[in-house]
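Asker: Take this structure first; my questions come after.
Protein chains: 2
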Amino acid sequence: MTDSPSFAFAARGSASDIEQGLAFQPKFDADGLIAAIVTDAGTGQVLMFAWMNAEALRLSLSTGIAHFWSRSRGRLWQKGEESGNTLAIREARVDCDQDAIWLRVEVGGAGAACHTGARSCFYRTLELGPDGPALARADV
Amino acid sequence: MTDSPSFAFAARGSASDIEQGLAFQPKFDADGLIAAIVTDAGTGQVLMFAWMNAEALRLSLSTGIAHFWSRSRGRLWQKGEESGNTLAIREARVDCDQDAIWLRVEVGGAGAACHTGARSCFYRTLELGPDGPALARADV
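This is the structure:
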């Protein structure tokens with residue numbers, strides 16, 4: 001485990017500061033988490049959706065390797081720590097109200113961002129069929 | 141407001157069903173919401189991140205136009221209902237554990253997915269500078 005970097009995140013400012021300013025004022029939810037969208041820096045495909053707590057966000061920014069908070073396991077988690085499929089961050093962005101992060105990454109190892117072994121977690125399409133919503137396998 | 145479609149979503153099955161099956165078994169959180177990532181069907185750029193309740197998801201699937209639940213306003217919301225910047229869904233996907241939706245869309249109207257008038261809500265990059273995290277304007 002990488003030592004925790006020590007910088008803090010700024011408190012939330014006015015709506016104008018948050019939307020138009022250049023100070024990073026992330027909004028963590030009631031559980032201390034912020035949403036993180038991960039896309040492939042090459043193809044643009046959405047690879048996964050996960051959550052970061054402040055520590056995961058600090059480690060992601062300081063190491064350039066994506067870290068998350070696992071809600072199911074209740075612990076900090078470096079993506080790929082076991083599989084080798086680490087996510088090298090090529091660009092990070094934040095949205096207008098600073099409550100979501102977008103990471104453009106290169107996937108290491110076998111190139112599988114999903115724990116199922118798929119390249120992306122979004123390997124099924126969703127459509128409304130005659131019998132209601134239905135999934136189909138998609139290329140990823 | 142479109143009349144509410146009447147179909148229901150399936151109950152959650154086994155982990156294997158959820159990950160490998162073709163039955164849609166969405167996981168709504170404690171607030172009854174599921175995360176929705178919206179990307180531009182043409183460019184692949186992430187446009188916005190929002191939440192759907194069951195009703196918003198039903199309407200999105202049945203009309204092909206993205207609907208969300210506004211947590212700040214506490215109401216159902218058709219994106220672009222006032223601005224005209226509606227989101228026509230070209231493809232919907234669901235992730236491995238079926239707790240996030242990915243919509244590939246075409247933006248109508250002026251083409252601005254963000255309420256600030258920007259094409260994407262993610263109009264700022266985030267980097268760790270010498271004084272801590274800092275934002276910079278990005279092309280969107």
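Chains A and B are the protein sequences, given in the same order.
Position 99 of the first sequence, counted from 1, bears residue number 99 in our numbering, the numbering being contiguous throughout.
Here our numbering = 1-based position in the second sequence + 140.
Note that beta-carbon positions come from the ideal geometry of N, C-alpha and C, so glycine has one too.
#1: Roughly how many whole angstroms lie between the Cα atoms of Pro5 of chain A and Ile89 of chain A?
#2: Measuring alpha carbon to alpha carbon, tell me which of B:Leu275, B:Arg198 and B:Asp239 ends up nearest Arg93 of chain A.
#3: With a cut-off of 7 Å, does the C-beta of Thr358 of chain B fall near any C-beta of chain A?
#4: Quick check on Asp131 of chain A: does DSSP put it in helix, strand or coil?
#5: List the residues of chain B whose Cβ lies closer than 7 Å to the Cβ of Arg93 of chain A, in chain order.
#6: What are the residues in the segment 46-75 of chain A lying within 8 Å of chain B by C-beta distance?
#7: Can you list, in chain order, the residues of its chain with a C-beta nearer than 8 Å to that of Ser223 of chain B? Leave out the 5 residues immediately preceding and following it.
#8: Quick one: using the 10 Å Cβ neighbour count with 16 as the cut-off for buried, is Pro166 of chain B buried or exposed?
#9: Would Thr116 of chain A pass as an interface residue toward chain B - the criterion being a Cβ-Cβ separation below 7 Å?
#10: Taking 7 Å as the CB-CB limit, is Pro270 of chain B close to chain A?
#11: Does chain A have any CB closer than 7 Å to the CB of Phe168 of chain B?
#12: Among A:Arg119, A:Met52, A:Asn85 and A:Arg104, whose alpha-carbon lies nearest the alpha-carbon of Arg75 of chain A?
#13: Ignoring anything shorter than 4 residues, give me the alpha helix (DSSP H) runs that lie fully in the segment 160-221 of chain B, in order along the chain.
#14: Determine, for Ala228 of chain B, whether the minimum Cβ-Cβ distance to residues of chain A falls below 7 Å.
#15: Would DSSP call Ala258 of chain B helix, strand or coil?
#16: Would you list the residues sitting across from Ala240 of chain B in a DSSP beta bridge?
#17: Please name the residue, chosen from B:Gln218, B:Leu201, B:Met188 and B:Asp169, that lies closest to Asp97 of chain A on a Cα-to-Cα basis.
#18: List the residues of chain B whose Cβ lies closer than 8 Å to the Cβ of Ala110 of chain A, in chain order.
#19: Give the single residue among A:Asp99, A:Arg12, A:Leu61 and A:Ala23 whose Cα lies nearest to the Cα of Arg211 of chain B.
#20: Would Thr183 of chain B be called buried (16 or more neighbouring beta carbons within 10 Å of its own) or exposed?
Answerer: Answer, in terms of the structure:
#1: 17 Å
#2: B:Leu275
#3: Because residue 358 of chain B is not part of the residues shown, which for chain B are 141 to 280, the question remains open.
#4: coil
#5: Phe262, Arg264, Thr265, Leu266 and Ala278
#6: Val46, Met48, Phe49, Leu61 and Ser62
#7: Gly249, Ala250, Ala252 and His255
#8: buried
#9: yes
#10: no
#11: no
#12: A:Met52
#13: 194-203
#14: no
#15: coil
#16: B:Ala175
#17: B:Met188
#18: None at all; the shortest Cβ gap to chain B is about 16 Å.
#19: A:Asp99
#20: exposed
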